[in-house]
Amino acid sequence: EQQVQQSPASLVLQEAENAELQCSFSIFTNQVQWFYQRPGGRLVSLLYNPSGTKQSGRLTSTTVIKERRSSLHISSSQITDSGTYLCAMERTGYGSSGNKLIFGIGTLLSVKP
Amino acid sequence: NAGVIQTPRHKVTGKGQEATLWCEPISGHSAVFWYRQTIVQGLEFLTYFRNQAPIDDSGMPKERFSAQMPNQSHSTLKIQSTQPQDSAVYLCASSLDRDREAERLFFGHGTKLSVL
Numbered sequence: 028e029q030q031v032q033q034s035p036a037s038l039v040l041q042e043a044e045n046a047e048l049q050c051s052f053s054i055f056t057n058q059v060q061w062f063y064q065r066p067g068g069r070l071v072s073l074l075y076n077p078s079g080t081k082q083s084g085r086l087t088s089t090t091v092i093k094e095r096r097s098s099l100h101i102s103s104s105q106i107t108d109s110g111t112y113l114c115a116m117e118r119t120g121y122g123s124s125g126n127k128l129i130f131g132i133g134t135l136l137s138v139k140p
Numbered sequence: 159n160a161g162v163i164q165t166p167r168h169k170v171t172g173k174g175q176e177a178t179l180w181c182e183p184i185s186g187h188s189a190v191f192w193y194r195q196t197i198v199q200g201l202e203f204l205t206y207f208r209n210q211a212p213i214d215d216s217g218m219p220k221e222r223f224s225a226q227m228p229n230q231s232h233s234t235l236k237i238q239s240t241q242p243q244d245s246a247v248y249l250c251a252s253s254l255d256r257d258r259e260a261e262r263l264f265f266g267h268g269t270k271l272s273v274l
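Here the protein sequences come in this chain order: A and B. To convert, note that position 105 of the first sequence is 132 in my numbering; the numbers rise steadily by one, no gaps. To convert, note that position 20 of the second sequence is 178 in my numbering; the numbers rise steadily by one, no gaps.
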């Protein structure tokens, strides 16, 4: 069972359009992170958002823990935003293992000129 | 700060050979993680160290995989008798692991392992 589900699987936008990426979890979590990966590039942590809303530049993440979901909003998309966006959660109550993150498969975003 | 450093970037082995992958975490980070990334499975957790001590190796295939962290500046992932299904990008990550806000993970570029 995929514990972290992401949608859509892929998304094509025109430059300057906004994007809304969704993430849902099969179990409760108290930590959510969003990552970005360019093809062949390293995974980069974008936002750490355990609950509520957090913003970083053009990125806004909203996490609703009781509904087991998180979203990432990208405003005014740019061509350089193209890549894969991954959502990850930590399993709550996982003993002393702390920061074991479970990842979704990702959303492949392509921004066209 | 060069970030998390992984070597080699690419490794090609023959079936049955051994592969050792190296990771240098960010200086001062006390938590080190190994993940495996494939197209089909995505990112899979392998193992985790905190202050060099193994904490959780629940994702490690038991028979041929082992990980060590002999000092705070490097960790190794060893795969014995490599098989074609071991082909993947192996990612190392580190974090401060001091408080919740500091638990953001920083990843290396990964080692792409190809088993022929």
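From the three backbone atoms N, C-alpha and C, an ideal C-beta is built for every residue, glycine too.
A distance below 8 angstroms between beta-carbons, with the five flanking residues on each side excluded, links residue 229 of chain B to the following residues of its chain, in chain order: 210. DSSP lists B:248 as the bridge partner or partners of residue 269 of chain B. Sequence-ordered contacts of the segment 207-227 of chain B with chain A read 208, 213, 214, 216, 217 [C-beta pairs closer than 9 angstroms].
Taking all protein chains shown into account, residue 160 of chain B has fewer than 16 neighbouring C-beta atoms within 10 Å of its C-beta and is therefore exposed.
One Cα belongs to residue 93 of chain A, the other to residue 243 of chain B, and the distance between them is close to 38 angstroms. For the 7 angstroms CB-CB criterion, residue 116 of chain A and residue 71 of chain A do not form a contact. Only residues of its own chain outside the window of five on either side were considered, and among them 40, 44, 46, 138 have a CB closer than 6 angstroms to the CB of residue 104 of chain A, listed in chain order. Taking each of B:187, B:162, B:193, B:163 in turn and checking the Cα distance to residue 254 of chain B, the smallest one comes out for B:187.
In terms of beta-carbon proximity, residue 54 of chain A stays away from the interface with chain B, with every pair separated by 7 angstroms or more. Partner residues in a beta bridge of residue 162 of chain B, as assigned by DSSP, do not exist. Separation of residue 136 of chain A and residue 33 of chain A (C-alpha to C-alpha, rounded to the nearest whole angstrom) is 12 angstroms.
Under the 7 angstroms criterion on CB atoms, residue 81 of chain A is classed as non-interfacial with respect to chain B.
Sorting B:208, B:246, B:268 by C-alpha distance to the C-alpha of residue 189 of chain B places B:208 at the top.
Bounds of the beta strand (DSSP E) holding residue 96 of chain A are 96-101. Counting the other Cβ atoms within 10 Å of the Cβ of residue 269 of chain B gives 16 or more, which makes it buried.
Its chain contains 181, 190, 227 as the residues whose beta carbon lies nearer than 6 angstroms to that of residue 233 of chain B, once the 5 sequence neighbours on both sides are disregarded; these appear in chain order. In this structure, the beta-carbon distance from residue 246 of chain B to residue 196 of chain B falls below 7 angstroms. Cβ contact annotation for residue 212 of chain B (same chain, cutoff 8 angstroms, sequence separation greater than five): 205, 206, 225, 227, in chain order.
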